[in-house]
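A.B. asks: Numbers 0 to 420, taken from numbering that gives the first Met the number 0, label the letters of the sequence shown in order.
Using N, Cα and C, we set each Cβ at its ideal position, and we do this for glycine too.
Remember, it's a predicted structure, so these values are computed and weren't measured experimentally.
Have a look at this one.
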Amino acid sequence: MVAQVNSPARILVASLVGTTIEFFDFYIFATAAVLVFPHLFFPTSDPASAVLQSFATFSIAFFARPLGAAVFGHFGDRIGRKATLVAALTTMGLSTVLIGFLPGYETIGVFAPLLLAICRFGQGLGLGGEWGGAVLLATENAPPHRRSWYAMFPQLGAPLGFVLSATSFLLLTETLTNAQFLAWGWRLPFIASLLLVMLGLYVRLKITETPEFQKAVDTEARVAVPLVVLIRNHKRALVLGTLVALATFVLFYLMTVFSLSWATSKLGYSRERYLEIQLIGVAFFAATIPLAAWLSDRYGRRGVLVIATACTGVFGLFFEPLLASGLAGALAFNVIGLALMGFNYGPIGAALASPFPVSVRYTGASMTFNLAGIFGASLAPYIATWLALNFSLAWVGYYLLGACVLTLGAMLMSRDVELSS
């Protein structure tokens, strides 16, 4: 009997659809953390403190993600990519749907933010296992010299998920009154995500194992505890990979979560207007991801990532002049910043997976990506809000510049082994 072979279209759709759903789930929480949760789950605080508490809840998922990377990575390296991807998607999806049914603070008091935090933890746990598996599904099926291009497809899930999330909230805020939106309208995207999860599971269940993992099974190359082997034998790649992805995370969550919060609370933009501006920027994000992947396969990931990170650091110096200079400035801020995000994000999947052998690759790629999420994204909206409130908006740009300096240093130390094609 001839084993089923995954077609390129099936591989790329399966890797893309899952990350799109995962990021949609993740971003609807991020948007609600700005627009809804400070009012419904932290109403006893003053407005600024409520936003900071909401951002603290937002950060919980990033601390859960390395745990998800370790748990799902273990089974991904031991049992297989396919079954683990299905489990990760299910964990994320159920956690998201439950958020849509949570009562607010006025109904159950302090248990409301507690349950919100538990569901947020579940979101992070699932996403911690999703990204690495989706990248490996693509790269371990990729032909030679096209790994960056294949690894780009899971990355497209980020802008597509954001578009779905922002569009959902934009439609709701335009069709409902503010009272209706806060009472029940915000719940609809969370509940509707169940349909997307079912679609993702259907697609994922149609794929077969990657050739590289199957070879590891056939040759008995798997290890008993991948995380132990990773920490013992691949510490350098783990640390450098985390720092290589650091600036990418800081940039994205400043461009999306923080800027939405600051623009609507301090700069006088309506939710609808600024979400429209962000959607224009995300179109450039989506466009530059494949461009960066193509350039990476043609000229090497190192050069693309170094140039993108350096340009991002320079962009940090213009953070305040652009964002705070009216409609044209806010539009330029989003277009430039999110285009740079695409150039950073496009090659990063293949770059983080390449240093690790197949026996620990799921765990290694997932851990580097999600540890970068802790240090680069978990507290980024909180830190940025604190800096802007206590110093000025310009200091948020300096924060981004500092992250870029750390990432550039890691890229220079990593040499060609970690960033090679």
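Are residue 123 and residue 62 touching if we call contact CB-CB under 8 Å?
C.D. replies: yes
A.B. asks: Here's a check: name, in chain order, each residue in its chain whose Cβ is nearer than 6 Å to the Cβ of residue 193, leaving out the five neighbours to either side.
C.D. replies: For residue 193, where only same-chain residues beyond five positions count, the Cβ hits under 6 Å are 96.
A.B. asks: Considering only C-alpha positions, which residue in the set 56, 65 and 357 is nearest to residue 216?
C.D. replies: 357
A.B. asks: Tell me which residues share the same chain as residue 285 and place their Cβ nearer than 6 Å to its Cβ, disregarding the 5 neighbours each side in the sequence.
C.D. replies: 158
A.B. asks: I need the straight-line Cα distance from residue 372 to residue 245, nearest angstrom please.
C.D. replies: 7 Å
A.B. asks: Spatial neighbours of residue 187 within its chain, please: C-beta separation below 7 Å, excluding the five flanking residues on both sides.
C.D. replies: Hits under 7 Å: 171.
A.B. asks: Are the beta-carbon atoms belonging to residue 184 and residue 127 less than 8 Å from one another?
C.D. replies: no
A.B. asks: Answer yes if the region 389-402 comes into contact with the region 309-328, meaning at least three C-beta pairs across the two stretches below 8 Å, and no otherwise.
C.D. replies: yes
A.B. asks: Figure out for me which residue from 74, 91 and 259 has the closest Cα to the Cα of residue 323.
C.D. replies: 259
A.B. asks: Should residue 254 go down as buried or exposed, given a rule of 16 or more other Cβ atoms within 10 Å for buried?
C.D. replies: buried
A.B. asks: Starting from residue 104, follow the alpha helix (DSSP H) in both directions and report where the run begins and ends.
C.D. replies: 104-107
A.B. asks: Please specify which runs of the alpha helix (DSSP H), each continuous and at least 4 residues long, are wholly inside the region 38-114, giving them in chain order.
C.D. replies: 46-77, 80-98 and 104-107
A.B. asks: Go ahead and label residue 113 buried or exposed: buried means 16 or more other beta carbons lie within 10 angstroms of its beta carbon, across all protein chains shown.
C.D. replies: exposed
A.B. asks: Within the continuous alpha helix (DSSP H) that includes residue 271, where are the two ends?
C.D. replies: 270-298
A.B. asks: Since residue 28 and residue 119 are thought to touch, with beta carbons under 8 Å apart, how far apart are those beta carbons, to the nearest angstrom?
C.D. replies: 7 Å
A.B. asks: Report the option in 381, 311 and 413 whose CA atom is closest to the CA atom of residue 47.
C.D. replies: When each option's Cα is compared against that of residue 47, the closest is 381.
A.B. asks: I'd like the list of long-range same chain contacts for residue 180, defined as Cβ closer than 7 Å, with 5 residues on each side in sequence excluded.
C.D. replies: 171 and 172
A.B. asks: Compare the C-alpha of residue 102 against each of 309, 351, 178 and 39 and name the closest.
C.D. replies: 39
A.B. asks: Nearest to residue 197 by alpha carbon, out of 11, 389, 361 and 87?
C.D. replies: 87
A.B. asks: If you drop the 5 nearest sequence neighbours on each side, which residues of the same chain put their C-beta closer than 7 Å to that of residue 335?
C.D. replies: 314
A.B. asks: Given this structure, state the Cα-to-Cα distance separating residue 89 from residue 307, to the nearest angstrom.
C.D. replies: Residue 89 and residue 307: Cα-Cα distance of roughly 34 Å.
A.B. asks: What residue range does the alpha helix (DSSP H) around residue 25 cover?
C.D. replies: 7-34
A.B. asks: Suppose the cutoff is 7 Å on Cβ atoms and the five residues either side in sequence are ignored; what does the same chain contact list for residue 134 look like?
C.D. replies: 150, 153, 348, 352 and 364
A.B. asks: With DSSP collapsed to three states, give me the class of residue 235.
C.D. replies: Residue state, collapsed to three classes: helix.
A.B. asks: Grouping DSSP H, G and I as helix and E and B as strand, with all else coil, what is residue 185?
C.D. replies: Three-state DSSP puts residue 185 in coil, outside helix and strand.
A.B. asks: Could you tell me how far apart the beta carbons of residue 341 and residue 291 are, in whole angstroms, since I believe they sit closer than 8 Å?
C.D. replies: Correct: roughly 6 Å between the Cβ atoms.
A.B. asks: Quick one: is residue 214 buried, meaning 16 or more other Cβ sit within 10 Å of its Cβ, or exposed?
C.D. replies: exposed
A.B. asks: Am I right that residue 488 and residue 34 are in contact with their C-beta atoms under 8 Å? What's the rounded C-beta distance?
C.D. replies: For the chain, the structure presents residues 0 to 420; residue 488 sits outside this window and is missing.
A.B. asks: Give the straight-line distance between the Cα atoms of residue 25 and residue 228, rounded to the nearest whole angstrom.
C.D. replies: 30 Å
A.B. asks: Enumerate in chain order the residues of its own chain whose CB-to-CB distance from residue 210 is below 8 Å, with the five nearest sequence positions on each side excluded.
C.D. replies: Correct list, in chain order: 139 and 140.
A.B. asks: For residue 345, does the three-state DSSP call read helix, strand or coil?
C.D. replies: Note: residue 345 maps to coil in three-state DSSP.
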